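Written out below as structure tokens is the structure these notes cover.
Numbering (full-length UniProt numbering), first residue to last: 1 to 418.
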């Protein structure tokens, strides 16, 4: 009797699991189907006269009566329910309740991260309500990565991309002005060297922080100036900092080199990882690795690809680019090859800053708090639009220059008071 009961329980369990799997497959089918078929609910939204307050009011009543609060709190929504969230968001936006519309769109994106309809609608909302064409263009691009033939996203990006490209050029021009201003300060300010030392420590703090190092800025300064270990911190974290400092000093020497070869790239890596993993430091990987959704080249292709990278790095085509774009591409191309088992992010940022230093720019600071945006822009570049990563690096260059300038002014003010 006991055995029969166990068998019955087991069969019931199997049936339940199969039911859950079938439901998940069905929901996924409905979701994918929505990408290629124009849903009627969106067509209904298109024919509403949004200038007619009574029609908008009717739409608001309809979406409010369909269990909107319950829908917002669900962990999983069907494609139709997700479209209902979009409809409600649009209705609230048109009625003037922008705050509620934004909350609904946030909810829609959180439960349907890969929905081209949600991403496209969110882009339109950000563009027209917040007047942020750059953020909107990014959302249109994301929508197209999931559904390349999405008509709404195609039309929107056809319009937004040229505007964003113009804004990118304006950003680079602004960066040049700030760079020139910093060079003037370098000639006239007595505190410039002290400022550079401060930024040097910040550079180390943020680049190891992006990789998860937990030492504070003050602890890093203490470690590098006194050589004394920080209590409560691991040996690996100490060695990561010592390795990056050693590599940064080596990069300064490379500024004088007319070209950069694979030998120098491996030498930078040997310093980055020399204290952490001396066995693999400076050696190209011999195993296949997987970095999130990114699949780097096969290990046997790495030597050839790294040679090609070094050739591009020294080419006239690369040198003809704006220095910030050149540096951003130098970073992306190297991290895309992923030539080493570990330390690829750190060495890519070091090579990026080497390019900048050789063209008269200061090193870029990518702050710890920008970690998610940094990796997101790299992932989007993997999907085909490296301009998004270049734009991110340009924004970092602008904020870095502003930090350099503000520190010069601040330290000069203190010196004047003394």
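No residue lacks a Cβ here, since even glycine has one placed at the ideal position from N, Cα and C.
All of these numbers come straight from a predicted model, not from anything done at the bench.
Looking at the C-beta of residue i, does it have a partner C-beta in chain D at a distance below 7 angstroms?
| i | result |
| --- | --- |
| residue 153 | Absent from the structure: chain D. Only one protein chain is present. |
Please classify residue i as buried or exposed, where buried requires at least 16 neighbouring CB atoms within 10 angstroms.
| i | result |
| --- | --- |
| residue 390 | buried |
| residue 218 | exposed |
| residue 225 | exposed |
| residue 170 | exposed |
| residue 328 | buried |
| residue 76 | Confidence at residue 76 is low in this model, with a pLDDT of 46, below 50, so the placement of that residue is unreliable and no value is reported for it. |
| residue 147 | buried |
| residue 12 | exposed |
| residue 410 | exposed |
| residue 263 | exposed |
What is the rounded straight-line gap between the Cα of residue i and the Cα of residue j?
| i | j | result |
| --- | --- | --- |
| residue 359 | residue 253 | 14 angstroms |
| residue 126 | residue 166 | 19 angstroms |
| residue 279 | residue 247 | 17 angstroms |
| residue 204 | residue 186 | 22 angstroms |
| residue 302 | residue 282 | 13 angstroms |
| residue 129 | residue 116 | 20 angstroms |
| residue 406 | residue 331 | 27 angstroms |
| residue 277 | residue 243 | 10 angstroms |
| residue 201 | residue 313 | 27 angstroms |
| residue 162 | residue 137 | 10 angstroms |
| residue 103 | residue 370 | 23 angstroms |
| residue 288 | residue 158 | 38 angstroms |
| residue 5 | residue 300 | 57 angstroms |
| residue 220 | residue 251 | 20 angstroms |
| residue 134 | residue 154 | 15 angstroms |
Would you list the one or two residues that DSSP bridges to residue i?
| i | result |
| --- | --- |
| residue 291 | 294 |
Under 7 angstroms Cβ to Cβ from residue i, same chain only, skipping five residues before and after it: list those, please.
| i | result |
| --- | --- |
| residue 175 | 324, 394, 397, 398, 401 |
| residue 427 | The structure shown does not extend to residue 427, since the chain is modelled only from 1 through 418, so no value can be given for it. |
| residue 172 | 322, 324, 394 |
| residue 298 | 288 |
| residue 152 | 120 |
Can you list, in chain order, the residues of its chain with a C-beta nearer than 8 angstroms to that of residue i? Leave out the 5 residues immediately preceding and following it.
| i | result |
| --- | --- |
| residue 404 | 182, 195, 199, 362 |
| residue 228 | 222 |
Spatial neighbours of residue i within its chain, please: CB distance less than 6 angstroms, with the 5 preceding and 5 following residues excluded, ordered by chain position.
| i | result |
| --- | --- |
| residue 374 | 366 |
| residue 275 | 239, 242, 243 |
| residue 383 | 145 |
Stretch-stretch touch, CB-based, cutoff 8 angstroms, three pairs: the segment 234-242 with the segment 258-270: Under the three-pair Cβ rule at 8 angstroms, the segment 234-242 does not count as touching the segment 258-270.
Quick test of the definition: if touching needs 3 or more C-beta pairs under 8 angstroms, does the segment 297-306 touch the segment 329-348? The segment 297-306 is in contact with the segment 329-348.
Please confirm if the segment 379-388 is in contact with the segment 283-301, defined as three or more CB-CB distances below 8 angstroms between the two stretches. Between the segment 379-388 and the segment 283-301 there are three or more C-beta pairs closer than 8 angstroms, enough to call the two in contact.
Check whether the segment 267-287 touches the segment 345-357, taking contact to mean three or more Cβ pairs, one atom from each stretch, closer than 8 angstroms. A contact exists between the segment 267-287 and the segment 345-357.
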